[in-house]
Amino acid sequence: MNRNLWLLAAAQGLFLTNNVVFIAINGLVGLQLAPVGWMATLPVMGYVVGGALSTGWVARAQARWGRQRAFQFGLLVALGSALLAARAV
Numbered sequence: 001m002n003r004n005l006w007l008l009a010a011a012q013g014l015f016l017t018n019n020v021v022f023i024a025i026n027g028l029v030g031l032q033l034a035p036v037g038w039m040a041t042l043p044v045m046g047y048v049v050g051g052a053l054s055t056g057w058v059a060r061a062q063a064r065w066g067r068q069r070a071f072q073f074g075l076l077v078a079l080g081s082a083l084l085a086a087r088a089v
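Per UniProt numbering, the sequence shown starts with residue 1, numbered consecutively.
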């Protein structure tokens with residue numbers, strides 16, 4: 001079978017596992033850190049709403065610059081976000 005298909009399947013499996021762990025742990029940690037209980041799941045809400053709002057922009061970027069460049073730009077945005085989160089912690 002095609003090697004790329006196996007790599008894609010493995011990457012998708014790891015991505016979905018990450019989402020499950022993120023959502024399960026976020027509520028528990030958020031409940032300990034948030035000043036009020038309803039704020040415990042705000043990070044998950046931001047994750048879901050951010051993904052939904054960026055879908056159209058990503059599609060336009062891929063159409064304009066190509067998938068590879070748009071993906072590389074997304075990696076830069078992710079790196080910047082990770083550095084900002086590390087700084088906040």
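Every residue gets a Cβ at the ideal spot worked out from N, C-alpha and C, and that includes glycine.
Straight-line CA distance for Val77 to Leu53?
Distance between the alpha carbons of Val77 and Leu53: 15 angstroms.
Could you give the first and the last residue of the continuous alpha helix (DSSP H) run that contains Gly66?
That residue, Gly66, is in no alpha helix (DSSP H); it is neither H nor E in DSSP.
Assigned secondary structure, Met1 (DSSP; H/G/I helix, E/B strand, else coil)
Coil, per DSSP.
For Pro35, which three-state DSSP category applies?
Pro35: coil per DSSP, three-state reduction.
Give me the Cα-Cα distance between Ala63 and Gln72, rounded to the nearest whole angstrom.
Going by the C-alpha atoms only, they are around 14 angstroms apart.
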